[in-house]
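A.B. asks: What follows is a structure written as structure tokens; I'll ask about it next.
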Amino acid sequence: MTKEEIFEAAQKAVVEANGALVDEMAHRGLDEGIAPMELMNQGFIPGINKVGDLFGVGKLFLPELIQSAEVMQKATDIINAALPADQEKGMGKIVVGTVEGDIHDIGKTIVVSLFKANGFEVVDLGRDVPIDRFIEEAEKVGAHIIGSSALLTTTMEGQKKIEQELRKADLRGKYKTIVGGAPVTQRWADRIGADAFAEDAADGIRKAKQLLGKG
Ligand code: B12
Numbered sequence: 498m499t500k501e502e503i504f505e506a507a508q509k510a511v512v513e514a515n516g517a518l519v520d521e522m523a524h525r526g527l528d529e530g531i532a533p534m535e536l537m538n539q540g541f542i543p544g545i546n547k548v549g550d551l552f553g554v555g556k557l558f559l560p561e562l563i564q565s566a567e568v569m570q571k572a573t574d575i576i577n578a579a580l581p582a583d584q585e586k587g588m589g590k591i592v593v594g595t596v597e598g599d600i601h602d603i604g605k606t607i608v609v610s611l612f613k614a615n616g617f618e619v620v621d622l623g624r625d626v627p628i629d630r631f632i633e634e635a636e637k638v639g640a641h642i643i644g645s646s647a648l649l650t651t652t653m654e655g656q657k658k659i660e661q662e663l664r665k666a667d668l669r670g671k672y673k674t675i676v677g678g679a680p681v682t683q684r685w686a687d688r689i690g691a692d693a694f695a696e697d698a699a700d701g702i703r704k705a706k707q708l709l710g711k712g
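For what it's worth, the working numbering labels the leading residue of the sequence shown as 498, then goes sequentially.
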């Protein structure tokens, strides 16, 4: 199989919620030497995005969306396990979570793994995380960066609340903030006063390094 064929089959596997094919393509892609994040970005993510588009226009319904999300989780697990794990943790400390009211965590989980693989110490707060917890945890662990994920236009407000709460507690200058998630944009980051917006996990690493003066 060529690389393109593997990407195409990976995409199809997610769209069709075919767990066996996801498994096969993830392992096959890695065995053939495709970089884990390339396989994710060119194969599986276009698949789940297509599912989202079909769901958005009513061509696919919630049960199918859930099934595709499940096989996507499987792909994420295999890809994450293939990322280099034990790097020197000298890049900085980041707390990351999906904001309250939002249970989307596939992207956040990829971000966590890639940050770890790039030498960051990561505290993963999980999903549906109350806004106060982002700040409490950052204080507790002495984080440099607070990263938040939001996948719903309604829950993006949580990212704004993080900025507001930080200001209220007089802590805004203490942390750098990065926002991400499919509906999130640079414009939104500017509007709420976040330090950076990340398009994807790799962009997150770049921005985090820049913010900490290590870029
Ligand atoms: C999978 C999925 C689900 C799964 C989630 C499973 C899980 N464990 O995550 C399930 C089925 C549970 C689900 C539920 C719902 N979903 Co949904 N879902 C999706 C879907 C198809 C894909 C999301 C995804 O995983 N993408 C793949 C990952 C890799 O991408 P990502 O999350 O964007 O993350 C990347 C970047 O954004 C970035 N990033 C993200 N966060 C961060 C954070 C930091 C710090 C950094 C640096 C970077 C970063 O890096 C990541 C890696 O590259 C999207 C469609 C879409 N295109 O987004 C809809 C979508 C987000 N869902 C939607 C909806 C409506 C819902 C429901 C309300 C449906 C319902 N009626 O119940 C519920 C909401 C539940 C809730 N309260 O949260 C809508 C949202 C519409 C809107 N305007 O807000 C979408 C857009 C679908 C659509 N077209 O209508 N969903």
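For each residue, glycine too, the CB sits at the ideal point set by N, CA and C. Quick caveat, the model's predicted, so the values are computed rather than measured.
#1: Does Glu501 pass the burial test, meaning 16 or more other C-beta atoms within 10 Å, or should it be called exposed?
#2: By the DSSP assignment, the beta strand (DSSP E) with Val596 in it spans what residues?
#3: Note down, in chain order, each residue of its chain lying with its Cβ closer than 6 Å to the Cβ of Met569, except the 5 sequence neighbours on either side.
#4: Of the residues Glu529, Gln539, Ile531, Met534, which one's Cα is nearest the Cα of Lys509?
#5: Let me check you understand the geometry: is the CB of Phe552 closer than 6 Å to at least one non-hydrogen atom of the ligand B12?
#6: Nearest-angstrom Cα distance between Gly712 and Gly555?
#7: For the ligand B12, is there any heavy atom lying closer than 6 Å to the beta carbon of Asn615?
#8: Classify Leu611: buried if its beta carbon has 16 or more other beta carbons within 10 angstroms, exposed otherwise.
#9: Taking the alpha helix (DSSP H) that Leu668 belongs to, which residues open and close that run?
C.D. replies: Walking through what the data contain:
#1: Counting Cβ neighbours within 10 Å, Glu501 comes out exposed, since fewer than 16 surround it.
#2: DSSP places Val596 in the uninterrupted beta strand (DSSP E) bounded by 589 to 596.
#3: The residues are Val511, Ile545, Ile603.
#4: Comparing Cα positions, the closest option is Gln539.
#5: Flag set: Cβ of Phe552 near the ligand B12.
#6: Straight-line Cα distance between these residues: approximately 43 Å.
#7: Checking every heavy atom of the ligand B12 against the Cβ of Asn615, none is found closer than 6 Å.
#8: By the 10 Å Cβ count, Leu611 comes out buried.
#9: Careful: Leu668 lies outside any alpha helix (DSSP H) and carries neither H nor E.
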